[in-house]
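*Asks:* Numbering (our numbering), first residue to last: 66 to 300. Where is the CB? At the ideal position from N, CA and C, for every residue including glycine.
See below:
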């Protein structure tokens, strides 16, 4: 399998050069292969969300080398990084981040609009993705007319809209009850199994993490453990 994410000696500090300098990530080394379903677990303040932001090229490391699909992230300008995020990565967040005044299908179409996809193709693909997450009967509902689980399913469809090879999910079940969280996790398993997506799940929930193929534990900005619970559920 090809390596899609390769991080070497990643350090991330804030307030660099001031008395308040704070090092969040401390020499992280991480490799993720194409088609893996990996989880990163840790308590609040462990550095896991900072790590996800760097993996997803939303932020740059203070030092170290981050290669994403053969691209050296440290050498790219902001426009190049935006292009990589648009084409290669789908983001799913705990807070959904849907546009309140746009209905579900328009939210799913939005990344394709930015990518220059024509209207007919945008609509066709958005409907296909809404069916994939079992939301085909909610195309024209506004976010405030949807439950938390329904919003997250729309957010997953939106993350898939440009057919990225990598999905990064930051606490995607954190705002959901256990039954709804189960539904969302089942969708991730389906995307991994049927769509062959590389998925990185950030969570503090060990039970959810143990459904993935590989679990990395982060504490105080360092990866302190790795375990292999086995094949992801449903694989």
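(1) Going by C-alpha to C-alpha distance, which of 271, 219, 294 and 83 sits closest to residue 106?
(2) For the beta strand (DSSP E) that contains residue 79, what are its first and last residues?
(3) Please return the same chain residues whose Cβ sits closer than 6 Å to the Cβ of residue 265, not counting the five positions on each side in sequence.
(4) Looking at the secondary structure, which residues open and close the alpha helix (DSSP H) in which residue 249 lies?
(5) Are the beta-carbon atoms belonging to residue 75 and residue 121 less than 8 Å from one another?
(6) My output table needs one value for residue 189: the three-state DSSP class, helix, strand or coil.
(7) Run the CB neighbour count on residue 226, radius 10 Å, all protein chains shown included, and call it buried at 16 or more, exposed below.
(8) Please classify residue 291: does DSSP put it in a helix, a strand, or coil?
(9) By Cβ distance below 6 Å, which residues in the same chain neighbour residue 301 in space, the five residues on each side in sequence not counted?
(10) Would residue 236 pass as a contact of residue 159 if the rule is Cβ separation under 8 Å?
(11) Shortest alpha-carbon distance to residue 98 belongs to which of 213, 132 and 284?
(12) Excluding the 5 residues preceding and the 5 following residue 212 in the sequence, name in chain order all residues of the same chain whose CB lies nearer than 8 Å to its CB.
(13) DSSP three-state label for residue 88, please.
(14) Please name the residue, chosen from 291, 285, 292 and 72, that lies closest to residue 87 on a Cα-to-Cα basis.
(15) Taking 8 Å as the threshold, find out whether the segment 191-205 comes into contact with the segment 133-147 through three or more Cβ pairs.
(16) Tell me whether residue 173 sits in a helix, a strand or coil according to DSSP, three-state version.
*Replies:* Working from what's here:
(1) Locating residue 106 in the chain shown gives position 41, counting from the first residue. With distances taken between Cα atoms, residue 106 lies closest to 271.
(2) If you number the chain shown from 1, residue 79 lands on position 14. In this chain, the beta strand (DSSP E) harbouring residue 79 covers 68-79.
(3) For the purposes of this step, residue 265 is taken as residue 200 along the chain shown, with counting starting at 1. 103 and 233.
(4) For the purposes of this step, residue 249 is taken as the residue at position 184 of the chain shown. Element bounds for residue 249: 243-259.
(5) In the chain shown, counting from the first residue as 1, residue 75 sits at position 10. In the chain shown, counting from the first residue as 1, residue 121 sits at position 56. No. Outside cutoff.
(6) Counted from its first residue, the chain shown places residue 189 at position 124. Helix, per DSSP.
(7) As a first step, residue 226 must be located in the chain shown, where it is residue number 161. Buried is the label assigned to residue 226, since at least 16 other Cβ atoms lie within 10 Å of its Cβ.
(8) Translated into the one-based positions of the chain shown, residue 291 becomes position 226. Here residue 291 sits in strand by DSSP.
(9) No statement about residue 301 is possible, as the shown extent of the chain runs from 66 to 300 and does not include it.
(10) One-based indexing of the chain shown puts residue 236 at position 171. One-based indexing of the chain shown puts residue 159 at position 94. In this structure, residue 159 lies closer than 8 Å to residue 236 by Cβ.
(11) Stepping through the chain shown from its first residue, residue 98 is reached at position 33. Of the candidates 213, 132 and 284, 132 places its Cα closest to the Cα of residue 98.
(12) Counted from its first residue, the chain shown places residue 212 at position 147. 245, listed in sequence order.
(13) Residue 88 sits at position 23 when you count from the first residue of the chain shown. Reduced to three states, the DSSP call for residue 88 is strand.
(14) Within the chain shown, the letter at position 22 stands for residue 87. It is 285.
(15) Fewer than three Cβ pairs drawn from the segment 191-205 and the segment 133-147 lie within less than 8 Å of each other, which leaves the two stretches out of contact.
(16) Locating residue 173 in the chain shown gives position 108, counting from the first residue. Residue state, collapsed to three classes: helix.
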